[in-house]
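To start, the structure itself, in structure tokens.
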Amino acid sequence: MPTLRVSALAIPPFRPPESPYAKYQQPPHPAWLFALVIVAWLFPGLVGHDPWKPDEPENFGIVYHMVRTGEWLVPTLTGEPVLEKPPLYYAVAAVFAKLFAPVLPLHDGARLATGFFMALTFLLVGLTGRELYGRGYGWVSALSLLGCFGLIIRGHQIIADVALLAGAAATFCGLAMGVRRPGAGGVILGTGLGVAFMSEGLLAPLLTAVIIAWVVAASPVWRTRSVAICLVLGVTFAAPWLGLWPYLLYRHSPTLFSAWLAADLARFPGLAPLTLDSALFYVKALPWFAWPALPLAAWTLWHEGREGFRHPGVHLPVIAFLVMLLGASLSPSARDVEGLPLLIPLALLGAAGIYTLRRGAANSMYWFALLGFSVLALVAWFYWTPLALEVPDRLFRHLDRMRPGYTFGFRLGPFLVGLGYTLAWIGLLVALRKNPQRPLLAWCAGLTLVWCLMMSLLISYIDHAKTYRGVVSSLRTALPVNPPCLDSLHLGKSQRAMLEYFGDIVTRPVPTGSEGSCAWLLVQGDPRRWTEPAGEWEKVWEGSRPRDKNELWVLYKKKPQVTKVTRRLAARVEG
3 MPTLRVSALA IPPFRPPESP YAKYQQPPHP AWLFALVIVA WLFPGLVGHD PWKPDEPENF
63 GIVYHMVRTG EWLVPTLTGE PVLEKPPLYY AVAAVFAKLF APVLPLHDGA RLATGFFMAL
123 TFLLVGLTGR ELYGRGYGWV SALSLLGCFG LIIRGHQIIA DVALLAGAAA TFCGLAMGVR
183 RPGAGGVILG TGLGVAFMSE GLLAPLLTAV IIAWVVAASP VWRTRSVAIC LVLGVTFAAP
243 WLGLWPYLLY RHSPTLFSAW LAADLARFPG LAPLTLDSAL FYVKALPWFA WPALPLAAWT
303 LWHEGREGFR HPGVHLPVIA FLVMLLGASL SPSARDVEGL PLLIPLALLG AAGIYTLRRG
363 AANSMYWFAL LGFSVLALVA WFYWTPLALE VPDRLFRHLD RMRPGYTFGF RLGPFLVGLG
423 YTLAWIGLLV ALRKNPQRPL LAWCAGLTLV WCLMMSLLIS YIDHAKTYRG VVSSLRTALP
483 VNPPCLDSLH LGKSQRAMLE YFGDIVTRPV PTGSEGSCAW LLVQGDPRRW TEPAGEWEKV
543 WEGSRPRDKN ELWVLYKKKP QVTKVTRRLA ARVEG
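Following my numbering, the numbering of the sequence shown begins with 3 at its first residue and continues without gaps.
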């Protein structure tokens, strides 16, 4: 095993060593091929469907408010402040939505902001890999992140966490670049800290500070004058991001500022009750969520051994992963989307070991990708056949029962997109050279193919079940043209956002047990455990999304009150 020399002035490159696989190597693949895979991954799923639960409707509701009013300072959903996160992502998404409004629905335009932040993330992770490990590691670092299962859906949704991911990637890039180029590194580091704060809140810069302190203590590479200049510049460029929005929010409303600060601090590790399930959530989720970056990272650590731990290219991602994993595990909110930043250090470590994979492991990864994703692609085309051509008859009737009201038929645009990706997959397999980059390229291209086929051939069928457009339209016909007001009971934020977007309906939430003050009441609940609302109500309408057995909407109208005078008049008429 070659020894990794550690310099005090610059990060020594990882030299692709001679491995048992080396004698089979051909020249590296061209950069344009890596770029093509990244671009092909970015676009499918960004357009062509309505906002989907669990996160998109609520987040888009905030974006929709900004588009309509131009107010960006306070994230607002259906007239109520939502101060869980700062407004950076929502404001950028609102800009994209308005910019592309002439050609795209607002929700599709807003989703393009996610593509923008993901493109930045891949670029920054690639630059980080090149700085940490040397030439030949930039593109594979970006693809190591792209290939993770946990990113494929979240990286195409209207969620603020993709902006946090870009900010985290920028902080890694700034730290790595600060060793050689403190000026550029400091600017990128400070901007990354600011973007992370304006996307998630105070926890992101706090964890970054812990990572920096640990890295500086662990490696002499980061205890230099250049790195000190980088850190000073980073703090300088981060300060406006960290101070401007909180200051403006406080000037606007001290009450809202206090509410934001309390909500932000409530997510800090150790400040809220913690359960064993939430503490172990990421440990259980990472094996699939971070596949294949996690096993590649484990291989890097095993292959490099103790000597590898002397290399700053191992220090930074390992320390960052441990700090972020601890912070996420101690946080009261354990969700996969909160673990997206964990993918970056794993992707960097995984890229560092891609050139040292044993021949058997590399071939296994390649053939698994080739066969597995090809089979999944055939399955997608098989299910497209009844959706477009209504054959075979048995499967067509089954799919028709699953989605009542869906319009079957051939759609040329999605067909051409799916066909183009399929032909590109076949061409790629023919063109791939037998070198250490081949398994990762095949994996990422295969994953991209399957995702694209779902988001082109099957997207309309999936969207028919997940969208609220149909149920809101049906509800709108049951209401008066201009109802004076509409109360809501147990109606979630996502549902209220879609009511406003699709039906221009704004409800007033009422607490459980209260009758409210409106003549109309919309109740959401589980049909298997339904309870009638308090008061005298008459059911006017009920509806749900197709085949949704967990969520039912019922519209009530208040019964007219019968007074004593009304009873006397009725008695006289009868007499």
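Virtual Cβ for every residue (Gly too), placed ideally from N, Cα, C.
These figures come from a predicted structure and were not determined experimentally.
Is it true that the CB of V142 sits closer than 7 Å to the CB of A363?
Judged by beta-carbon spacing, V142 lies beyond the 7 Å limit of A363, meaning their Cβ atoms are not closer than that value.
Nearest to L418 by alpha carbon, out of S458, I428, W216?
Among S458, I428, W216, the Cα nearest to that of L418 belongs to S458.
For Y558 and Y408, what's the separation of their Cα atoms in angstroms?
Answer to the nearest angstrom: the Cα atoms are 28 Å apart.
In the DSSP output, what is P511 paired with across the bridge?
Looking at the DSSP assignment, P511 forms a beta bridge with S490.
Length-filtered (3 minimum) beta strand (DSSP E) runs lying within the segment 103-166
Taken in chain order, the whole beta strand (DSSP E) runs of length 3 or more contained in the segment 103-166 number zero.
DSSP three-state label for L296, please.
In the structure shown, L296 sits in a helix (DSSP, three-state: H, G or I).
On the CB-based measure, 16 or more other CB atoms within 10 Å of its CB, does F504 come out buried or exposed?
Note on F504: 16 or more other CB atoms within 10 angstroms of its CB, so buried under the neighbour-count rule.
Whole angstroms is fine: what's the gap from T424's alpha carbon to L380's?
Their Cα atoms are separated by approximately 10 Å.
Exposed or buried, M404, counting other C-beta atoms within 10 Å across all chains shown (16 or more means buried)?
Classification for M404: exposed.
Does the distance from the CB of L491 to the CB of V512 come in under 7 Å?
In contact: L491 and V512 (Cβ atoms closer than 7 Å).
How far does the alpha helix (DSSP H) with Y91 in it reach, from first residue to last?
Y91 -> alpha helix (DSSP H) spans 90-101.
Using a Cβ-Cβ cut-off of 6 Å (strictly less than) and excluding sequence neighbours within five positions of L348, which residues of its own chain qualify?
Taken in chain order, the residues that qualify are A292, A295, L296, A299.
Assuming T123 and A168 are in contact, meaning their beta carbons sit under 8 Å apart, how far apart are those beta carbons, in whole angstroms?
About 5 Å separates the two Cβ atoms, so the contact holds.
From this set, L101, L108, A178, which residue's C-alpha is nearest G128's C-alpha?
With distances taken between Cα atoms, G128 lies closest to A178.
Could you check whether L166 and A198 sit closer than 7 Å to each other, using their CB atoms as the reference points?
Contact flag set, yes.
Whole runs of the beta strand (DSSP E) within the segment 329-371, excluding any shorter than 3 residues
Secondary structure remark: continuous beta strand (DSSP E) runs of at least 3 residues inside the segment 329-371: none found.
Just list the residues that DSSP pairs Q579 with in beta bridges.
Here the chain has residues from 3 to 577 only, and residue 579 is not among them.
Mind checking which residues open and close the alpha helix (DSSP H) that includes G236?
First-last of the alpha helix (DSSP H) with G236: 227-254.
Mapping DSSP to helix, strand and coil, what is G545?
Strand.
Do three or more CB pairs link the segment 89-108 to the segment 173-193 at distances below 8 Å?
Verdict: no, contact absent.
As assigned by DSSP and simplified to three states, the class of Q27:
Below a pLDDT of 50, predicted positions are generally treated as unreliable, and Q27, at 49, falls in that range; no measurement from the model is reported.
Other residues of its chain near W383: CB distance less than 8 Å, five sequence neighbours each side excluded:
Excluding the 5 residues flanking it on each side, W383 has same chain C-beta neighbours closer than 8 Å at G420, T424, L455, L459, in chain order.
Compute the Euclidean distance between the alpha carbons of P529 and S546, then round it to the nearest angstrom.
Each residue's Cα considered, the two are about 10 Å apart.
Are the segment 386-398 and the segment 466-477 in contact at 8 Å, needing three or more beta carbon pairs?
Result no; under three Cβ-Cβ pairs closer than 8 Å.
Here's the rule: buried if 16 or more other CB atoms are within 10 angstroms of the residue's CB, otherwise exposed. What is P275?
Counting of Cβ neighbours within 10 angstroms places P275 among the exposed residues, the total staying below 16.
When burial is assigned at 16 or more other CB atoms within 10 Å of the CB, is G131 buried or exposed?
Around the beta carbon of G131, 16 or more other beta carbons sit within 10 angstroms, so the residue counts as buried.
Select from C446, H400, I190, A33 the residue whose C-alpha is nearest the C-alpha of Y139.
The candidate whose alpha carbon is nearest that of Y139 is A33.
Within 8 Å, do at least three Cβ pairs link the segment 435-446 to the segment 36-46?
By the Cβ rule, the segment 36-46 counts as touching the segment 435-446, because three or more pairs are nearer than 8 Å.
Can you tell which of S228, G236, V218 has its C-alpha closest to the C-alpha of T193?
With distances taken between Cα atoms, T193 lies closest to G236.
Beta-carbon proximity list for L85, same chain, < 6 Å, skipping 5 on both sides
Cβ within range, chain order: A261, W262, A265.
Does DSSP put E540 in a helix, in a strand, or in coil?
Reduced to three states, the DSSP call for E540 is strand.
What residues in its chain sit with their C-beta under 8 Å from that of G374, if we drop five residues either side in the sequence?
Residues of the same chain with a CB within less than 8 Å of the CB of G374, apart from the 5 flanking positions on each side, are G448 in chain order.
Any idea what DSSP makes of E82, helix, strand or coil?
When DSSP states are grouped into helix, strand and coil, E82 belongs to the strand group.
Pull up the distance between the alpha-carbon of M68 and that of L208, whole angstroms please.
Taking the straight line from one Cα to the other gives about 29 Å.
Just the C-alpha distance for F151 and I161, rounded to the nearest angstrom, thanks.
About 17 Å.
Put K561 into one of helix, strand or coil per three-state DSSP.
Correct three-state label for K561: coil.
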